[in-house]
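Peer 1: Just dropping this structure here.
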Amino acid sequence: MLRPPLRQIVHRAAHWRCPHCGQGRLFRGIFRMFPRCPECGLSYFPEQGYYLGAMIVNYAATTAVVVTIFLLSLLFPDFTTLSTNSKVFLWMVFAVAVSLLFVRHAYSFWLGIDFWIKPRQPDLPAKE
Ligand SMILES: [Zn+2]
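Spelled out as structure tokens, the structure:
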């Protein structure tokens, strides 16, 4: 199978769409994915542990954002009068929120980039 253009894959991943057809949605809930594309039948779970890489991508992106903002916040040390414990708690809440914000993007880009590297055909026919 021919490798699709990277630009097309990134566009589909950014819109949480199937990397194969570009029509099927990836998510049926906030974090719950369809097992396969509702339009073309491409499996979104080709093997066990498939999304471990997406979790690592999510962790790296979250860490990069939180650490960057934390380092920038050091430029304004007297910005707030909160106690150290309160600040640590707020940073933890912020890190969890950023992580949750990135989950869908990480999964979508992981699926898209993997499909770009190893294009595959749907193993089931399209809509029943
Ligand atoms: Zn599809």
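Note that the working numbering has the sequence shown beginning at 1, numbered continuously upward.
Note that the Cβ used here is the ideal one computed from N, Cα and C, for glycine as well.
Here the structure is a predicted model, which means the values were calculated and not measured.
Among the residues of its own chain, which have a CB less than 7 Å from the CB of W110, if the five just before and after it don't count?
Peer 2: Around W110: Y51, G53, A54, V57.
Peer 1: Could you please give me the residues that DSSP links to S83 through a beta bridge?
Peer 2: According to DSSP, which records beta bridges pairwise, S83 is partnered with nothing at all.
Peer 1: I'd like to know whether the C-beta atoms of P119 and R17 end up nearer to each other than 7 Å.
Peer 2: no
Peer 1: Can you tell me where the alpha helix (DSSP H) with Y59 in it begins and where it stops?
Peer 2: 52 to 73
Peer 1: Can you tell me which residues form a DSSP beta bridge with M33?
Peer 2: Answer by DSSP bridge pairing, in chain order: F27.
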